[in-house]
Amino acid sequence: MLTSTKSRIAMIVAASLFSVAAAQATDITGAGSSFVYPVVTKWSAAYAAKTGNQVNYQSIGSGGGIAQIKAGTVDFGASDMPLDSATLAKFGLGQFPDVIGGIVPAFNVEGVAPGAMVLDGPTLADIYLGKITKWNDPALVKLNPGLKLPDLAITVVHRSDGSGTTFNFSDYLAKVSPEWKAKVGEGTAVQWPAGVGGKGNEGVSQYVRQIKGSIGYVEYAYALQNHIGYALMKNAAGKVVKPTIATFQAAADTADWKDAKDFNLVMTNAPGDTAWPITATSWVIMYKQPKDVAHSKVVFDFFKWSYEHGQEQARSLDYVPLPPSLVKQIEAYWASEYKM
Amino acid sequence: MSTQGIYLRRRIVNVTALLLGGCATVLGLLFLVWILWVTISNGIGALHLSLFTKITAYADEGGLSNAIVGSLIMDLMALLICAPIGVMAGTYLAEYGRNSKLGALIRFLNDILLSAPSIVMGLFVYVIIVLPISNMTHGHISFSGFAGSVALALIGLPVIVRTTDEMLQLVPGTLREAALSLGVPQWKLTVQVLVRAAASGIITGVLLALARLAGETAPLLFTAFGNNFMTVHPLDKMASLPVAIYQYTNDPSPALHSIAWAGALLITLFVLALSLLTRLLFSRKKVSYE
Amino acid sequence: MQTPPAEQTKARNVDERSVADARHDRFFHGVLKFSALLVLATLLGAALSTLWGGREVLFGQGLHFLTSNAWNPVEDDYGAVAPVFGTLVTSLIALVLAVPVSFGIALFITEIAPAWMRGPVSAAIELLAGIPSIIFGMWGLFVFVPFMSRIEPALSATLGKLPLVGKLFQGPPLGLGLLTAGIVLAVMILPFISSVMREVFQTVPTRLKESSYALGSSTWEVVWDIVLPYTRSAVIGGIFLGLGRALGETMAVTFVLGNSYNITSSLLMPGTSISSSIANEFNEAVGTHRSALIALGFVLFLVTFVVLLIARLMLRQLVKREGK
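Residue numbers (this note's numbering), protein chains in the order written: chain A, 1209 to 1548; chain Y, 892 to 1181; chain E, 16 to 339.
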């Protein structure tokens, strides 16, 4: 064991000095969105077991995914913020959705169970603007007449990295709060008026778990798997909805992909009685003329596999599988846009 | 004030000061014990065989095998880079640059490099290695274990330079004079006599450097990146123990936390064992390496 | 008389050998010098590469970058004030806490502890310096942050009520923030400062101390009036060395600082630091954002360089006096 490790290491060192050949062609790297990290790691493990091709996915935030694919240091980037067609064209990139999911407000207030609190858009915006600072603020009490809310300071938790989750969240707040739109705006990273920054959906969940009286926003799977309290939301139709795969699906159904060039479509604040207001899509971004065709082929194969075989796993983590019509549209997009 | 009063006051001041000194020491030791205790008690429970057999990709039942292998490879490669250069540079300072202006300047700047922020070394390697290679190979090779090793080597280099320099200076001048009077050329004198005489000290320096760079995280973030799979290829993006710990710590999952603690325990044991070893190896001669 | 051929060859051999030796020596010298110059190149390279990488922001915006407290990726508007503020404040807290404690430890080891205790105690304190910073980060996040969130209400209730300094200790008990990061840094730099102090205290000539004892001084008076003045410059050097460490530390603070670009008057509130901003955002940053982060790296490098320069100069004064 020891000697084999030794000789292995010697080989490696020799290789590092003399070889310029890259790693095996079947190892591909993707990076970006932490929103999809739970499901992509599941896929990648199953896919590796099946095909032997390894998809190394690093959760560095959507901003990071966009940056790394532009720099060409990864084979694909993943982002929950779509790039507009002009940017895509400028860099020679193409993008397509891989999964749809929900973003939920997560909180840590003792005595309040997950799903017991109701929030609406303007109130959420005021909390993130630093205007509502106590859990027993009249606005919150009004939304939750039956709930005993403590006289506890609210600690806002936001993302410290560039994030598509932040993009969808701030996009939603900008749609429901003119003040948010004017003061903060939307983007993968914004200038936060208040709060603590956590790195990734992971970091935000971590801080919300740890800080009493905190509120954050995370992809639903993170709240669920880590037993963090999440809130119900009053949606665009004025109805209170619970985050479930059904309400995410309802929001996703309102999307009209047919007319969305490069799948550039944001579905926050979707209409409909049962639609979850902060439903988000995640996109895969790749070069249309890849520098490494073999790598890109594996990427396509991986996502094709995920559309066909990975949807059950996605559902088990409460992501919404892409509708078949959308998958067809994506495959047509691959055929027409990507040159290999 | 009476003499008695002054005497009493001086005594009180003295006793208080000495007591506070004792308290400060207890406080310092308390933090050491606290941190070690937390690391050991959390880490031991999580030390399973699966840590060494499973890779980090399987989020639920994850391991650290690829991170451990990645760290071993990068640490070793870093040593292979910085040990020869460091020993040669240290030898230059001790044998040629002892009284020269250049020697003094390099020695001085090396001491500064010793405490330079490691994250800046990561930025440096990113700018001079990762970016150019990525541009040259059209992104085929970008972040890599090799780049990570170079960043680590820059952390280890000044430690080796400093110890080599000091150890060679401890070798008595009579040894040099004796050899030179026999007509031995300078290079032979240095390699066969001086370096051999100071060998244990130089090895100590190399081990110290290893202890220092093995625990570094910041310079690896944007040089080696990370990898959820096992790779031994130095031009691949490579996982490492410190970065895996960093990622697992940032995650909300308690299962991953305990793996992070196990990794923390491994790395702490490794580093502390190294520093104890260097102490034993070199308890007689004294080197400060702050 | 003819020289025997054997000796002739020998003489020639010696000649050739010395020529060859001289050549080898030159080569050897060259290789060593080159290696030594690499050390110089590293330092210079680190400075130049960060200057180059941050040129867009440093030269394009210059003063605005250094004086603005905006950090707005939406508008691509960056200022260094918030991270620099956080770096300085946490390092300052660390110094305020670590210097007296380090002094106490050095005092204990050199003057108070019985001889058998000195070795083990100083070795133990130095072990603290060997613990990797990521471990400090984990301990900070999982153990020390909850601990701080328990004692912060008490801090707010007592220190927070004081005039003037009260503002520093008001706020919600998050556990994370500037104060927590400062304390973690203090623990990290403590062994560095105390080991310098201990070493320089030991260089004080025994006859000086004994003369003072002979005049009836107490231990404290000897330390305060003889040892400290004698070693003043080196002690300051040691403190600056610790400061240099604290300024550049990344992993230990990034978990406990809170990553917030808002500057507040309270030490209990979250902040950010240069190094944690870089660690958090570098991989995702493009264009101006990346340039701003590398520029921050340059600022950090410059500041630590100056601090460490002062440290080394101060430390050298004592060595000179010792006649080394």
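Even for Gly, the Cβ is constructed at its ideal location relative to N, Cα and C.
If you draw a straight line from the Cα of residue 37 of chain E to the Cα of residue 1093 of chain Y, it comes to about 27 Å. Counting the other CB atoms within 10 Å of its CB gives residue 240 of chain E a total below 16, which places it among the exposed residues.
Per DSSP, reduced to three states, the secondary structure at residue 1083 of chain Y is helical. DSSP places residue 1525 of chain A outside any alpha helix (DSSP H), giving it a letter other than H or E.
Residue environment: residue 1083 of chain Y is assigned as exposed (fewer than 16 neighbouring CB atoms within 10 Å of its CB, all protein chains considered). DSSP places residue 897 of chain Y in the uninterrupted alpha helix (DSSP H) bounded by 894 to 937. Among the residues facing chain Y, residue 1413 of chain A is included, as its CB has a counterpart in that chain under 8 Å away.
Judged by pairs of C-beta atoms under 8 Å, the segment 1430 to 1441 of chain A does not touch the segment 1392 to 1402 of chain A, as fewer than three such pairs exist. The continuous stretches of alpha helix (DSSP H) do not include residue 1491 of chain A, which lies in the beta strand (DSSP E) extending over residues 1487 to 1495.
Going by C-alpha positions, residue 1044 of chain Y is about 42 Å away from residue 1512 of chain A. Every beta strand (DSSP E) of 3 residues or more that sits fully in the segment 1304 to 1343 of chain A is shown, in chain order, as 1326 to 1328. Secondary-structure assignment with DSSP links residue 92 of chain E through a beta bridge to E:87. For residue 933 of chain Y, no CB of chain A lies under 8 Å from its own CB, so it is not counted at the interface with that chain. Fully enclosed alpha helix (DSSP H) runs of no fewer than 4 residues occupy 289 to 296 of the segment 287 to 319 of chain E, in order along the chain. Listed as beta-bridge partners of residue 1284 of chain A by DSSP are A:1238. Pairing residue 76 of chain E with residue 1015 of chain Y, the inter-Cα distance amounts to about 22 Å. Between the C-alpha atoms of residue 1526 of chain A and residue 1490 of chain A there is a straight-line separation of about 14 Å. In the three-state scheme derived from DSSP, where H, G and I count as helix and E and B as strand, residue 1546 of chain A is classed as coil. By the rule that beta-carbons nearer than 8 Å mark a contact, residue 1031 of chain Y touches chain A. For residue 111 of chain E, the number of other beta carbons within 10 angstroms of its own is below 16, and it is reported as exposed. With contacts defined as CB atoms closer than 8 Å, residue 1052 of chain Y and residue 980 of chain Y qualify as a contacting pair. Linking residue 1310 of chain A to residue 1406 of chain A through their CA atoms gives a straight-line distance of about 19 Å. Residue contact with chain E for residue 1142 of chain Y: absent (no Cβ-Cβ distance below 8 Å to any residue of chain E). For residue 126 of chain E, no beta strand (DSSP E) encloses it, and the DSSP letter there is neither H nor E.
Between residue 1267 of chain A and residue 1289 of chain A, the C-beta gap is not smaller than 8 Å, which leaves the two residues out of contact. Annotation for residue 1428 of chain A: the continuous alpha helix (DSSP H) segment containing it runs 1428 to 1433. When secondary structure is reduced to three states using DSSP, residue 284 of chain E falls in the coil class, being assigned neither helix nor strand. For residue 1363 of chain A, the enclosing beta strand (DSSP E) covers residues 1363 to 1367. Taking 8 Å as the CB threshold, residue 943 of chain Y stays off the interface with chain A.
Contact annotation for residue 88 of chain E against chain A: 1271, 1370, 1395, 1396, 1397, 1398, 1399 [CB-CB distance below 9 Å, chain order].
Excluding the 5 residues flanking it on each side, residue 264 of chain E has same chain C-beta neighbours closer than 7 Å at 148, 200, 203, 290, in chain order.
Within the segment 1014 to 1045 of chain Y, the residues whose Cβ lies closer than 7 Å to any Cβ of chain E are, in chain order, 1014, 1015, 1018, 1019, 1045. DSSP places residue 1440 of chain A inside the beta strand (DSSP E), whose first and last residues are 1440 to 1442. Around the beta-carbon of residue 196 of chain E, 16 or more other beta-carbon atoms lie within 10 Å, marking it buried. Annotation: the segment 42 to 71 of chain E contains no complete segment of the beta strand (DSSP E) (minimum length 3 residues). In this chain, the beta strand (DSSP E) harbouring residue 1405 of chain A covers 1404 to 1406.
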